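Counting from 96, one number per residue, gives the positions in the sequence shown under our numbering. Built from N, CA and C at the ideal position, the CB exists for glycine as well. Computed from a predicted structure; not experimentally measured. Below is one structure, written out as structure tokens; comments come after it.
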Amino acid sequence: MKLAELEVRKNPILAAIPARQNEIALEAAKNRQTQAGKDFSNKQATANAGVAIQRAAVDKSRVLAEQAQRQIDSMILKAKTPGYVNIQQNSNQNNLYYGQQLPDYHVGRRRREGARRWRRSPT
């Protein structure tokens, strides 16, 4: 753009055609500079939007992880009061066969749907 401005200064001593060419060159240089500024701001806005999308994805993943952790925490069976657990045979199933032994409850095992609740033994 500077070169075009210097060329325009020569206009009073040049013929009309080269003077007009210099003016057109100056105008084209200004247009290129304006377009470059717009392109830069567009690229910057696009980059910012991409970062915002990635941050939203991170936040969504964090929320899903927290939700999964709450679900896992809700699956842990905790006693209401401290004491011993009376391990009873699980006989809540409908189809029992003669002589069938059902597994006892132990620490770390998961309680199935419909199973009896834990009972505290007297201390």
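Under the three-state reduction of DSSP, K175 is assigned to coil, being neither helix nor strand. The region 119-129 and the region 140-149 do not touch, with fewer than three beta-carbon pairs separated by less than 8 angstroms. In the three-state scheme derived from DSSP, where H, G and I count as helix and E and B as strand, A147 is classed as helix. Counting along the chain, K97 sits inside the alpha helix (DSSP H) bounded by residues K97 to R104. Here the C-alpha atom of K105 lies approximately 8 angstroms from the C-alpha atom of A114.
Of the residues P177, T176, A131 and E102, the one whose Cα lies closest to the Cα of N117 is E102.
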